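Take a look at the structure below.
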Amino acid sequence: MVKVDLKLLKNQAKIELGKIKDLKELNDISNKYFGKEGKIGQILGSLEKLPKDKRASVGKSANDLKEFLKVIFEKKSEEIKFKIKKEQETKDWIDITAPGKKPTLGHLHPLTQTKRKVEEIFQSMGFSIIEGPEIETEWYNFDALNIPKNHPARDQWDTFWLKPENLRLLLRTHTSPVQVRYMEKNNPPLRIIAPGNVFRHEATDASHEFQLYQVEGLMVDKGISVPSFKAVVGEFFRRFFQKEVKFRLRPDFFPFTEPSFDISITCVVCGGKGCSVCKGTGWVEVAGAGMVNQNVFKYSGYIRGKWQGWAFGFGLERLTMMKYKINDIRLFRSGDLRFLNQF
Amino acid sequence: MHFAEVGEIKREGKDFSLDIDVRPNRSADCFSHIGIAREIAAITNSKLLEPASKIEEDKELKAKNFIKVEVKNSGDCRRYTSRVITGVKVGPSPQYIRKMLKVCGLRPINNIVDIANYVMLETGQPLHTFDGDKLEGKKIIVRFAKKGERIVTLDGEKYDLDNEILVIADAEKPVAIAGIKGGKSPEIDEKTNIVVLESANFNPKTIRNSSKSIDLKTDASLRFEHGVDPNLTEIAINRAAFLIQKIAKGKVSQGKIDIYPRKILPNKIKLDLDYVKNLLGILIPEKEIKNILEKLGFKVSGSKILSIEVPTRRLDVLTQEDLIEDIGRVYGYQKIPTIFPLASLIPPRRNLNVFWEDSTKDILKEMGFNEVYNYSFISENDAEALNYGKGELIELENPLSSDHQYLRPSLIPNLLKNIADNQKNFQDIKIFEIGNIFKKFVTKKSAQKPAEKVMLTGVLTGDAFYQTKGVIDSLLNKIGISDIWYNEYNPTPEESKSCLWHLKKCAEIKVGREEIGFLGEISSRVANNFKVEKKIAVFDLDFGKLSSLASEESEYRPVSRFPAAVRDIAVLIPRLTKVEEVLRKIQKNGGDLVKDVDLFDIYEGESIEEGKKNLAFHIIFQSEDKTLSSQEIDLLQNKIIKALEENPEWQVRKQ
């Protein structure tokens, strides 16, 4: 008799559950079965009226039914909740094609970004970063670099002089004075780079500036020669442009290096086919370099002939222009945020 | 690839002209067509054909009968060679000479003058021609000009001379500025019969000085300034005489006048082939090295350690390295292998300036700032607008323009210009720059020595004093500087006249006892001068001090496991009372359990008594070792309120 009741109850509950549409109805039915006066409760409450030998088995059946119903109630509840959520979110439609709201970002100057890249690459090859003053003496900027007074070689560097003239102070025309300043205080072996502003008394146009950012490099040791320069500089280009870049050395003249050469790379803009940036040649000159002149070692306090080394000077503007295809060098110091916000 | 860069190749009829960038070290032998030809011959393994110069001298005529030459200063005129050609027919030059001159940028005049120029282009030796009949006393004297002497040059320009300028004179007056330009008086014209040719060698410094002092550069002065081989005068004068004989049909007098007291002999250099290998990093066979040097005109003898005789035209070759350069470039740098250096594993030294500069830039970027790079110069107007004392500014001797008259004594002026330039395109602007400023700093030793230092300066648009202060707090905290406070700036009356800051909305930024910079609004007078229309706030920090104070050390403080409670408090205080006083009182009376006090509102205006302001704080209570009961918190809160109300002018508004 009781057994039939339980089976009936199970089926009845299943049917009722199937008809449910929302959480309220679920709740009502839940109360009907599990509530204080619920059907399961009634059964469990009537147990003591049963004969002792049946109590245990009926009690167990009732509890099993209770557990079973709980599981299917829970499942139904999940189903309904999911359905409600789906309906709700369908109503919450937004137009995903409307524009996003951008956070205000800051920007580092492209020359800073290039400088960091250059510093990172050379530091990884053991070069320390050294700085020097922008106001220089005639000695460090010229004489110590084997560029004597009254020599036409000086005409290669159009110079800003400072008042009063008798102090013979100037704005450095290159970062090379840092070589001498560093060697005076340090003995080889040494590997340094020296980034910084340099100044040229020159008229400006899209490819000429009177204030530039340069990076000097210097490696001195016993037996340092041209092959190691080619290896280091080649590695630099590869990492800086993140692709294989061809470069070549051509003879040039700098009083502080002998032999001297300039370094050209295949034009990154046109891939060497020839364009306005490389003036149709496919090559762009990016640096001057050479084996340190023994006179410079001498002026720095080293014994002539004891050491060998190479030095180079890169213009950061040129590298940056190649990297980002910038067509006017004057943009760098224009302060124009329409330019700077692009980096 | 082996010698010099060809800039431009231009078609000239059936021919081509090449614009070759000869570097200044090779001026002596390569500011000439023969020099370039000699290089090409060496590089391409061809034979150089020297131009003809075989003269037929007329034995009836003796050069020394036509002209006497006297050199007074043989240090300045190292050689003077002269030839005399008579019976010339002056007229236009043949077409090939005229064309050559034009292509090279010279103006054809007549056959005699043109030949002199033509031979200069060919050989690199500047030549000059005089009409022998017009030289007073048949004399040529090389001397320094006398004070007051003047000369009219061939192009009709007048020059005042002085005793630093070397001249060629006849018996009476200067007839040419030595090595630079000829004078009008003895010029060649259609009637000229006797041509006196000059092929001289002058001291480069002498010519450079003269050229600078009269501000005149010519094809001749360019070559002499760079230095010319004294042994070239003879080769060039014979070539010119040959051409005059051939073209102008003159008779060359027998003999030449040649004043050359100290003959220059070829220099000898020992070249160690081991050093060649060590410097170029490649073993080039001895035979090939010898071959390269010989092709370039060096005389080579010996083995392993070679003895090299340098032709006198190669003024640039003085050392072994100079020879190694010649070997390297002709051999070809492209044939030199690429090999990474073997070096001791010495890690690079860390540069803390660069490190802190990078950190600072990143932090400001995170805060939405844009970095700018400005020129290191300011204009005369900027200097005036900022009321800088002329004594502290560094002025340029030769500025590019009045816009760049002085070195910048501060990063502020150019940043203000950036704001002015960008204000039409952007609403909110936040920019900064790290760079050097330049001033004459007064030191103990010398009164005023030009010096530079690195500054970090930024500008924010808007009513941004407190925002700027917040930027500084966050920035300094991030680079490990904690002991930050702000001091009211009290300039002396003298300072306040030139002060670019708003007198009241400005503060000194201090770390411990050290002042590291300023922040605040810019005086409206200065902002107007720079056409800044927006309201702005500025910070200006000594970056050197900043990076020396910065530290990477920081320590984690465990988060308390116990809940924090927040109570609000509002205090009405006189307008001129500082927030700091109130804060200090709260902290002192709240003790350690007050974790933080957060000022969330300052209000003055409507609904508030005039002359007063209302401050509203969140006070955060938290203990490290228990949950605070509300009674405990009330007790502290009341203690704080009581303390605040001790001041009769302060009134706590209970909420």
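The listed protein sequences derive, respectively, from chains Z and G.
To convert, note that position 2 of the first sequence is 978 in the working numbering; the numbers rise steadily by one, no gaps.
To convert, note that position 127 of the second sequence is 1164 in the working numbering; the numbers rise steadily by one, no gaps.
Think of the CB as a built atom: it goes at the ideal place given N, C-alpha and C, for glycine as much as any other residue.
Every value quoted in this text rests on a predicted model; they were computed, and no experiment measured them.
Residue contact with chain G for Ala1207 of chain Z: present (Cβ-Cβ distance below 8 Å to some residue of chain G). Residue ranges of uninterrupted alpha helix (DSSP H) with 4 or more members, entirely inside the region 1009 to 1081 of chain Z and ordered along the chain, are 1015 to 1021 and 1028 to 1067. DSSP links Ala1574 of chain G through a beta bridge to G:Leu1497 and G:Glu1558.
Here DSSP, grouped into helix, strand and coil, assigns His1083 of chain Z to strand.
Nearest C-alpha to Gln1624 of chain G among G:Pro1384, G:Leu1613 and G:Lys1676: G:Lys1676. Cys1067 of chain G: member of the alpha helix (DSSP H) spanning Ser1064 to Cys1067, first to last residue. For Met1404 of chain G, the chain Z residues whose Cβ falls inside 8 Å of its Cβ are Gly1082, in order along the chain. Counting the other CB atoms within 10 Å of its CB gives Tyr1593 of chain G a total below 16, which places it among the exposed residues. In this chain, the alpha helix (DSSP H) harbouring Ser1248 of chain G covers Pro1241 to Ser1250. Residues of chain G with a Cβ closer than 8 Å to the Cβ of Gln1132 of chain Z are, in chain order, Pro1061.
Here Gly1128 of chain G is not near Asn1154 of chain G, since their CB atoms are 8 Å or more apart. Contacts with chain G at 8 Å (Cβ-Cβ) do not include Phe1290 of chain Z.
In the DSSP assignment, the residues bridged to Ala1607 of chain G are G:Ala1653 and G:Arg1690. For Glu1358 of chain G, the uninterrupted alpha helix (DSSP H) run begins and ends at Gln1357 to Tyr1368, by DSSP. Ile1471 of chain G is positioned such that its CB atom lies closer than 8 Å to that of Leu1493 of chain G. Under the Cβ distance rule, Met1038 of chain G counts among the residues neighbouring chain Z, one pair being separated by less than 8 Å. Of the other Cβ atoms in all chains shown, 16 or more fall within 10 Å of the Cβ of Thr1505 of chain G; this residue is therefore buried. In this structure the region 1204 to 1221 of chain Z does not lie against the region 1249 to 1260 of chain Z, because fewer than three pairs of beta carbons, one per stretch, are closer than 8 Å.
When 9 Å is used as the limit between beta carbons, Leu1437 of chain G is near these residues of chain Z: Phe1136, His1177, Glu1178, Ala1179, Thr1180 and Phe1186, in chain order. Residues of the region 1376 to 1389 of chain G whose Cβ lies closer than 9 Å to any Cβ of chain Z, in chain order: Ile1376, Phe1377, Pro1378, Leu1379, Ala1380, Ser1381, Leu1382, Ile1383, Pro1384, Pro1385, Arg1386, Arg1387 and Asn1388.
By the neighbour-count criterion, in which a residue is buried when 16 or more other Cβ atoms sit within 10 angstroms of its Cβ, Trp1538 of chain G is buried. Around the beta carbon of Met1159 of chain Z, 16 or more other beta carbons lie within 10 angstroms, which makes this residue buried. Contacts with chain G (Cβ-Cβ distance below 8 Å) from the region 1252 to 1282 of chain Z involve Met1267, Asn1269 and Gln1270, listed in chain order.
Taken atom to atom, the span from the alpha-carbon of Asn1142 of chain Z to that of Leu1497 of chain G is near 42 Å. In the three-state scheme derived from DSSP, where H, G and I count as helix and E and B as strand, Leu1433 of chain G is classed as strand. Proximity of chain G to Ser1053 of chain Z at the Cβ level (cut-off 7 Å) is not reached, the minimal Cβ distance being about 34 Å. The alpha-carbon of Val1631 of chain G is positioned some 10 Å away from that of Ala1601 of chain G. Interface criterion not met: the Cβ of Thr1090 of chain Z is under 8 Å from no Cβ in chain G.
Not a single CB atom of chain Z sits nearer than 8 Å to the CB of Val1569 of chain G.
The alpha carbon of Gly1102 of chain Z has as its nearest neighbour, out of G:Arg1387, G:Leu1586 and G:Asp1500, the alpha carbon of G:Arg1387. By the Cβ neighbour-count rule, His1263 of chain G is buried, with 16 or more other Cβ atoms within 10 Å of its own. The alpha carbon of Ile1302 of chain Z has as its nearest neighbour, out of Z:Val1034, Z:Lys1274 and Z:Pro1086, the alpha carbon of Z:Pro1086. When DSSP reads this structure, Arg1226 of chain Z sits in a beta bridge with Z:Asp1238.
Neighbours of Asn1173 of chain Z in chain G, taken as residues whose beta carbon is under 7 Å from its own, are Ser1413 in chain order. Using a Cβ distance threshold of 8 Å, Leu1084 of chain Z and Lys1398 of chain G count as a contacting pair.
By alpha-carbon distance to Leu1333 of chain G, the top candidate from G:Leu1310, G:Leu1316, G:Asp1311 and G:Tyr1368 is G:Tyr1368.
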